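Trainee: Got a structure for you, written out below as structure tokens; questions coming shortly.
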Amino acid sequence: MIISFDVAGPVDAPAAVLLHSSVCDRRMWDTPYAALADAGFRVVRPDFRTCGDSPAAQTPYTDDGDVVALLDRLGIERAALVGSSYGGRVALRIAALHPERVTRLALLCAGRPGHRPGSPQVREFGAAEDGLLAAGDLEGAAALNARTWLGPDADEAAHALVRAMQLRNFQGSAHLTEDHELPEPDIDFAAVTAPVLAVGGAHDLPDFRAVAAELPSLVPGARHLELPWAGHLPSLERPAEITELLLEFLHPIR
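Residue numbers (my numbering): 70 to 323.
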């Protein structure tokens, strides 16, 4: 099965793949998706399983395997990867397992393979979310996610979009009786050869700020940048600024 996706830009142009957060779907990339295509990139934005328009899996899978299979289908041998939160975790797996296929790696408040967030803030959020989901209050749980993950600069349109995306994701997985996702493999971060930009947000939860800050010690040549205004989803908080940052970082592959 091929996951749902959008693709834009010239077929023979350098490719960029936008991988969404687990609380969102591919709509979180509306602004950079259009701008990168206009700048001459071939841009791909998929939905992970049970997110957005992608259905649940019926057989064993990994999200990184789905993305690589999508690139194969589109005839894309090498691509820059841009990942937000969980999408960054997936991007890191691809860059380590298939380094020859990744030209650049931009990680926005990313998760890290092998790292399990466990700060008091994350535990408090998880307990509150579990309680709402157990009570069947999917809308309340979606609103909690928007409040937790969006930084102070996010406007009401961003909050409404995150609530809608997360609610749809909850609905897509609400009736699953079996999880077909395979265990995450061990990752050798030293295998990553692409230039890496690890972005953190000063208003994000400490777990993800720590991941961004430590990546230069794990990935050769990685650069860390903390945005003083950002929460966990900066591409939705200040989409124009993040788009400019991505255009600057990806420009060398043009």
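By construction, the Cβ of each residue, glycine as well, lies at the ideal position given by its N, Cα and C atoms.
This one's a predicted model, so the numbers in the text were calculated from it and none came from an experiment.
To the nearest whole angstrom, what separates the beta carbons of residue 174 and residue 265, a pair I think is in contact under 8 Å?
Mentor: Contact flag correct, Cβ pair sits at about 5 Å.
Trainee: Can you give the Cα-Cα distance for residue 92 and residue 287, rounded to whole angstroms?
Mentor: Each residue's Cα considered, the two are about 26 Å apart.
Trainee: Where does residue 300 land, buried or exposed, given buried means 16+ other C-beta within 10 angstroms?
Mentor: Buried.
Trainee: According to DSSP, what are the bridge partners of residue 267?
Mentor: 176 and 293, per the DSSP bridge assignment.
Trainee: With 16 other CB atoms within 10 Å as the buried threshold, where does residue 127 fall?
Mentor: Exposed is the call here.
Trainee: Should residue 118 go down as buried or exposed, given a rule of 16 or more other Cβ atoms within 10 Å for buried?
Mentor: With 16 or more other Cβ atoms within 10 Å, it is buried.
Trainee: How would you call residue 71, buried or exposed, if buried means at least 16 neighbouring beta carbons within 10 angstroms?
Mentor: Answer is exposed; the Cβ neighbour count stays below 16.
Trainee: Nearest to residue 285 by alpha carbon, out of 176, 150, 275 and 130?
Mentor: Per the Cα distances, 176.
Trainee: Would you identify the three-state DSSP class for residue 379, choosing helix, strand or coil?
Mentor: For the chain, the structure presents residues 70 to 323; residue 379 sits outside this window and is missing.
Trainee: What does a CB cutoff of less than 6 Å around residue 308 pick up in its chain, not counting 5 residues either side in sequence?
Mentor: So the qualifying residues of the chain are 100.
Trainee: In angstroms with no decimal places, state the Cα-to-Cα distance between residue 73 and residue 96.
Mentor: Computed Cα separation, rounded: 12 Å.
Trainee: Which residues in the same chain as residue 181 place their Cβ atom closer than 7 Å to its Cβ, once the five residues preceding and following it in sequence are excluded?
Mentor: Once the five neighbours on either side are set aside, the close Cβ partners of residue 181 are 158, 161 and 280.
Trainee: Are the beta-carbon atoms belonging to residue 143 and residue 315 less than 9 Å from one another?
Mentor: Their beta carbons are not under 9 Å apart, which means residue 143 does not touch residue 315 by this criterion.
Trainee: Rounded to a whole number of angstroms, what is the C-alpha to C-alpha distance between residue 322 and residue 205?
Mentor: Whole-angstrom Cα-Cα distance: 47 Å.
Trainee: Per DSSP, residue 250 forms a beta bridge with which residues?
Mentor: Paired residue(s): 130.
Trainee: Is the beta carbon of residue 140 closer than 9 Å to that of residue 80?
Mentor: Going by C-beta atoms, residue 80 is not nearer than 9 Å to residue 140.
Trainee: Using 9 Å as the threshold, is the C-beta distance between residue 89 and residue 156 below it?
Mentor: Contact: yes.
Trainee: Note down, one range per segment and in chain order, each alpha helix (DSSP H) of at least 4 residues found wholly within the region 161 to 243.
Mentor: The qualifying runs are 189 to 203, 207 to 218 and 225 to 242.
Trainee: Based on Cα-Cα distance, which residue from 183, 249 and 214 lies nearest to residue 125?
Mentor: When each option's Cα is compared against that of residue 125, the closest is 249.
Trainee: Can you tell me whether residue 278 is helix, strand or coil according to DSSP?
Mentor: Of the three classes helix, strand and coil, the one that applies to residue 278 here is helix, per DSSP.
Trainee: DSSP state of residue 144, grouped into three classes?
Mentor: Coil at residue 144, not helix or strand.
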